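Here's what the structure looks like:
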C-alpha cells in the first residue's frame, strides 16, 4: 500500500474536472544508484477512475510517467456530493484505491 | 572431467535462472495485469509503438493539440497535456520520440469523458512529444517539440 492519493473533483456546468496526485516512486529501471547497480523498475501500470460505479477513465502507464504522477481529466455529468474513486496497480502487484467527493 | 562438470553446472543454473525470471518477472504480473499492453510499452521506436497500439499510419491532425512548455528545465517532471476537438475519442496516448521507450501513457476514454488529459512525464532529452488520438475508430496524431535542459532519466 502506498501513501494516500490527493484527489480533487469539482463540478461546473455539467462537467466534472478531476485532478489526482499520486504518491509513487515511478522508477524507470534505467537509473543507477551510487554503487552503480541498476535500481529496479517500480511504476504504476494501470489506473482506473470511477464516478459512482461507472468507469470514467482507464489508463496504462509506462515507466516514463513522472515520480508522484499527476493526472487531470474531465467527464460529463457528476453532481456535487457524488463519489469519484481512483485505483492504481503497480508492476509489483501493489495497489491502492482512494475516494473523493465532488465539490 | 572437471571441466565437463562445470559446464553442466553452468547450463543447469542458467536454465534455473531463466525459469525464476519467468516466474517472477513475466508470468506473475502478466496474469494479474492481463490488459497492460507490454508490447507497446516495451517498444523502443515510434514506429514499433504505433504498430503495437494498432495505429500503423496515423494521420496528422490540426484537431489534436499537445500542450506543454517549449523548454522544460527539469526533464524529470514535464507537464504534458493532450486535447482534441475530434468526435468520439476513445483513446489518447502520449509518446516521446527520443525516450528509451517511446510510449509514456495511454488513456481509454469511455463515452462522456472529454478528450482532455493532462499528466507529467519524464524526458531523457529534447524530443518531439506526440499525441495519438483514436476518434471514430481512426488514429490521428500531432506533435510538439519540448526542449529539455536537464534530462530526467538517470544521469
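Residue numbers (the working numbering), protein chains in the order written: chain A, 1 to 103; chain B, 104 to 258.
Cβ atoms here follow ideal geometry from the backbone N, Cα and C, with glycine treated the same way.
Quick caveat: nothing in here was measured; it's all calculated off a predicted structure.
### Query
Do you know offhand how far residue 179 of chain B's Cα is from residue 65 of chain A's?
Whole-angstrom Cα-Cα distance: 9 Å.
### Query
Any residues in the region 206-224 of chain B with a beta carbon nearer than 7 Å to a beta carbon of chain A? Which ones, in chain order?
Sequence-ordered contacts of the region 206-224 of chain B with chain A read 206, 207, 208, 209, 210, 211, 212, 213, 215, 216, 217, 219, 220, 221, 222, 223 and 224 [C-beta pairs closer than 7 Å].
### Query
What is the C-beta distance between residue 80 of chain A and residue 103 of chain A, in whole angstroms, given that I count them as a contact (C-beta under 8 Å)?
Contact holds; Cβ gap of about 7 Å.
### Task
May I have a chain-ordered list of the beta strand (DSSP E) segments no shorter than 3 residues that lie completely inside the region 180-218 of chain B?
Counting only unbroken stretches of 3 or more residues, the beta strand (DSSP E) elements lying wholly within the region 180-218 of chain B are 181-187, 192-199 and 206-211, in sequence order.
#### Entry: Residue range of the beta strand (DSSP E) that includes residue 242 of chain B
Counting along the chain, the beta strand (DSSP E) containing residue 242 of chain B begins and ends at 241-253.
#### Entry: the region 176-191 of chain B contacting the region 91-103 of chain A, beta-carbon criterion three pairs below 8 Å
No: the two stretches stay apart, fewer than three of their Cβ pairs being nearer than 8 Å.
### Query
Taking C-beta to C-beta, are residue 42 of chain A and residue 60 of chain A nearer than 7 Å?
Their beta carbons are not under 7 Å apart, which means residue 42 of chain A does not touch residue 60 of chain A by this criterion.
### Message
For residue 69 of chain A and residue 205 of chain B, I'd like the C-alpha separation in whole angstroms.
### Response
Rounded to whole angstroms, residue 69 of chain A to residue 205 of chain B spans 18 Å at the Cα level.
### chain A contact for residue 242 of chain B (CB, 7 Å cutoff)
No - not a single Cβ of chain A is within 7 Å of the one on residue 242 of chain B.
### Message
Going by DSSP in three states, residue 48 of chain A sits in which element: helix, strand or coil?
### Response
In the displayed model, residue 48 of chain A falls within a strand according to three-state DSSP.
#### Entry: Reduced DSSP secondary structure (H/G/I, E/B, other) of residue 16 of chain A
In this structure, DSSP gives residue 16 of chain A an extended state, which the three-state scheme calls strand.
### Query
Helix, strand or coil: which one does DSSP assign to residue 75 of chain A?
It is a strand residue.
### Query
So the beta strand (DSSP E) residue 43 of chain A belongs to, where does it begin and stop?
Segment: none, residue 43 of chain A is in no beta strand (DSSP E) and carries neither H nor E.
### Message
Can you tell me whether residue 222 of chain B is helix, strand or coil according to DSSP?
### Response
DSSP places residue 222 of chain B in the strand class (E or B) of the three-state scheme.
### Task
Answer with yes or no whether the minimum CB distance from residue 36 of chain A to chain B is below 7 Å.
No, because no Cβ of chain B sits closer than 7 Å to the Cβ of residue 36 of chain A.
### Task
State buried or exposed for residue 161 of chain B, treating a residue as buried only when at least 16 other CB atoms are found within 10 Å of its CB.
With a threshold of 16 other beta carbon atoms within 10 Å, residue 161 of chain B meets it and is buried.
### Query
According to DSSP, is residue 124 of chain B helix, strand or coil?
Low local confidence applies: a pLDDT of 44 at residue 124 of chain B is under 50, so the model's placement there is unreliable, and no value is given.
### Query
What's the call for residue 55 of chain A, buried or exposed, on a 16-neighbour Cβ count within 10 Å?
So residue 55 of chain A ends up on the exposed side.
#### Entry: Supposed contact pair residue 169 of chain B and residue 246 of chain B - C-beta distance, whole angstroms, cut 8 Å
Going by Cβ atoms, the distance from residue 246 of chain B to residue 169 of chain B rounds to 6 Å, so yes, they are a contact pair.
### Query
On the three-state DSSP scale, how would you describe residue 160 of chain B?
It is coil, neither helix nor strand.
### Task
Would you decide whether residue 45 of chain A is buried or exposed? Buried here means 16 or more other CB atoms lie within 10 Å of its CB.
Around the beta carbon of residue 45 of chain A, a 10 Å sphere encloses 16 or more other beta carbons of the protein chains shown; the residue is thus reported as buried.
### Query
Any residues in the region 68-84 of chain A with a beta carbon nearer than 7 Å to a beta carbon of chain B? Which ones, in chain order?
Within the region 68-84 of chain A, the qualifying residues are 69, 70, 71, 72, 73, 74, 75, 76 and 77.
### Residues of the region 168-190 of chain B whose Cβ lies closer than 7 Å to any Cβ of chain A, in chain order
Result list: 179 and 180.
### Task
Give a yes or no on whether 7 Å exceeds the smallest Cβ distance from residue 202 of chain B to chain A.
By this cut-off, residue 202 of chain B is an interface position.
### Query
Exposed or buried, which one is residue 239 of chain B when buried takes at least 16 other CB atoms within 10 Å?
Looking at its Cβ environment, which holds fewer than 16 other Cβ atoms inside 10 Å, residue 239 of chain B is exposed.
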